[in-house]
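Going by my numbering, the first residue of the sequence shown is number 668, and it counts up by one from there. Here's the structure, in structure tokens; my notes come after.
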Amino acid sequence: GDRIVGVVVSLGDQALGLQVFRDPTGPLWDTVRPKVAQGVRDQGGSAEEAVGSLGFEVRAQVPVVRDGQRILQPTRIFACDGPGWLLRCTCAWPSAPAEWVDPRVHHLFTQTVVDLSAAEDSTGPAQEITAVEIRWPAGE
668 GDRIVGVVVS LGDQALGLQV FRDPTGPLWD TVRPKVAQGV RDQGGSAEEA VGSLGFEVRA
728 QVPVVRDGQR ILQPTRIFAC DGPGWLLRCT CAWPSAPAEW VDPRVHHLFT QTVVDLSAAE
788 DSTGPAQEIT AVEIRWPAGE
């Protein structure tokens, strides 16, 4: 069956989620970004596109349930297009200025290596990778 594969890294009160998508047709983030923003709005949150230190992103207030209460979670979603793939990062934290990115998040995102050599080859439309291995440089 279908499954979502990704990695979630907890950094204190922050959560960083990484997902990789295959896209053999070319850059995907420009197409996906407005859909991501609309998806947040459709769930009852708010979202706007912006430019941050990691390029084009979605700054959002995503509805979540915490301790039985529905709240709006400040969230930033950014991505990097590569040759045949998209690395998407969702970063949520309780409070931080909209333009601020934790240096650890910046480092983890920019140092993540996407290697599709073991993934199934596909020439179809964009699809989520169903097996992911995340490697960061040793000692970091």
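Positions of the beta carbon are idealized from the N, C-alpha and C atoms, including for glycine.
What is the DSSP secondary structure of T692, reduced to helix, strand or coil?
Reduced to three states, the DSSP call for T692 is coil.
Which partner residues does S713 have in the DSSP bridge list?
Q728
Taking 6 Å as the line, does the beta carbon of V675 fall inside it for any heavy atom of the ligand FAD?
What this structure holds is no ligand at all, so the ligand FAD is not there to describe.
Just verifying my parser: in three-state terms, what is the DSSP assignment at G668?
Bear in mind that the predicted position of G668 carries a pLDDT of just 43, short of 50, making it unreliable; the figure below should be weighed with that in mind. It is coil, neither helix nor strand.
Verify whether the separation of the beta carbon atoms of L754 and V781 is less than 7 Å.
yes
Are the region 670-690 and the region 721-734 in contact at 8 Å, needing three or more beta carbon pairs?
no
Nearest by alpha-carbon distance to S720: which of Q778, L783 and H773 is it?
The shortest Cα separation from S720 among Q778, L783 and H773 belongs to H773.
So, helix, strand or coil for V676, using DSSP?
Strand, per DSSP.
Would you decide whether E715 is buried or exposed? Buried here means 16 or more other CB atoms lie within 10 Å of its CB.
exposed
For F745, count neighbouring C-beta atoms within 10 Å of its own C-beta (all shown protein chains included) and say buried if the count is 16 or more, exposed if not.
buried
Looking at the unbroken alpha helix (DSSP H) that takes in P770, where does it start and where does it end?
P770 to Q778
Report the CB separation of R689 from L783 in whole angstroms; it is logged as a contact under 8 Å.
With a Cβ gap of about 7 Å, R689 and L783 count as contacting.
Going by CA-CA distance only, name the one from T779, V676, P750 and D680 that's closest to P691.
P750
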